[in-house]
Structure formats: C-alpha cells, structure tokens
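Residue numbers (this note's numbering): 125 to 282.
Each residue gets a CB set at the ideal place from its N, CA and C atoms; glycine is no exception.
Okay, so here's the structure we're looking at.
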C-alpha cells in the first residue's frame, strides 16, 4: 500500500498537482517511515512547492535512512545552490562525487557550481570526467560549450 501511495504521489507531481502529490507521499511515508524513496519524493515535492526547509528535512531523513544513497546528498546540494549558498552546495556535491564517482549527475552539478564560483579549470576537469563516463550526457556537453567561451576581462565599456 505504501508503494502505491508513493507511485501515486510521483504521478501527481508529474501532472503538476503538487499538493495532492504531497498528501499521497506523506501517506506513503506514514505507512513505511523507513523508506528513503518516499522521503526523497516528499522532498522533491516540497521543493516544488517552495518549502525549502521542509524539503531539506526530508532529504536529511532520506540520507539518515540510507547513508550510502547519493540522491539525498545531491538534492541537498541543489537546495543550497538554489539558495545561492555555493560553498555549501560545493561541499554536498563533492561528498556526492566521493560517494558515487561515476554519478554523472553529481559530477555535472559539481562542475556547474565550480563554474558559478569562477573555477573554470576545476569545472572543465569535472565535465571531461562526466563525458568520459557518458560521452553523450547533454548537460555536460552544454556546460563544456559554456566553458569554451573565453572570459573577457572586466573593464570600462565603450
């Protein structure tokens, strides 16, 4: 029954019905509070609703339930990135890469955060590692093309 509620919640979220999805996911979690899947789905839904603090709590619970699972760590990094807390985001993304070195999601998110912080060389290194793992991974290809654009020195405009 818990799995049915989890799947219902996921479907409702995909159909842009986040409040109903959240109710279904909370039922799933109540029936099986030991499942990290439900916590992740609830966190994603809360994030979609703009409830960052509640989403963070759900991701932390998912990480507590399954400490080897990388998705909660990536999601915590994503929350920090969206809050423009880039150092915290980098910490989570680096942890995710350490946990799952072949996770293209963890590596491309790390690369994006490094790029945002101005560390183009480190970002490029991560992008190249992603493309070694998956040569057609579109987010890495897009980021590589952004990295190829030369940085113009700041100065007076003409």
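As a quick exercise: from the options, pick the residue whose alpha carbon is nearest that of residue i.
{"i": "residue 126", "options": "160, 143, 142", "result": "160"}
{"i": "residue 257", "options": "213, 234, 226", "result": "226"}
{"i": "residue 167", "options": "200, 131, 235", "result": "200"}
{"i": "residue 162", "options": "175, 190, 173, 139", "result": "190"}
{"i": "residue 272", "options": "255, 254, 245", "result": "245"}
{"i": "residue 224", "options": "249, 182, 195, 206", "result": "195"}
{"i": "residue 243", "options": "270, 222, 229, 261", "result": "270"}
{"i": "residue 222", "options": "138, 182, 188, 193", "result": "193"}
{"i": "residue 173", "options": "274, 188, 137, 210", "result": "137"}
{"i": "residue 176", "options": "157, 153, 228, 204", "result": "204"}
For residue i, which three-state DSSP category applies?
{"i": "residue 217", "result": "helix"}
{"i": "residue 194", "result": "coil"}
{"i": "residue 171", "result": "helix"}
{"i": "residue 131", "result": "helix"}
{"i": "residue 137", "result": "helix"}
{"i": "residue 125", "result": "coil"}
{"i": "residue 258", "result": "coil"}
{"i": "residue 158", "result": "coil"}
Can you name, in chain order, every residue of its own chain whose Cβ lies under 7 Å from the Cβ of residue i, other than the five neighbours on each side?
{"i": "residue 219", "result": "197"}
{"i": "residue 93", "result": "Residue 93 cannot be examined here, being either before or after the span of the chain that is shown, 125 to 282."}
I'd like the list of long-range same chain contacts for residue i, defined as Cβ closer than 6 Å, with 5 residues on each side in sequence excluded.
{"i": "residue 133", "result": "145, 148, 149, 165"}
{"i": "residue 171", "result": "179"}
{"i": "residue 151", "result": "129"}
{"i": "residue 214", "result": "237"}
{"i": "residue 264", "result": "232, 251, 254, 255"}
{"i": "residue 259", "result": "none"}
The alpha helix (DSSP H) that contains residue i, what's its start and end?
{"i": "residue 263", "result": "262-272"}
{"i": "residue 187", "result": "176-189"}
{"i": "residue 144", "result": "142-155"}
Quick one: residues in its chain with C-beta nearer than 8 Å to the C-beta of residue i, no 5 flanking neighbours on either side, listed in chain order?
{"i": "residue 267", "result": "232, 235, 236, 239, 247, 251"}
{"i": "residue 155", "result": "125, 126, 129"}
{"i": "residue 182", "result": "163, 164, 166, 167, 170"}
For this session: Please go through the segment 204-254 and give each complete alpha helix (DSSP H) segment of 4 or more residues, from N-terminal end onward.
Result: 210-223, 228-240
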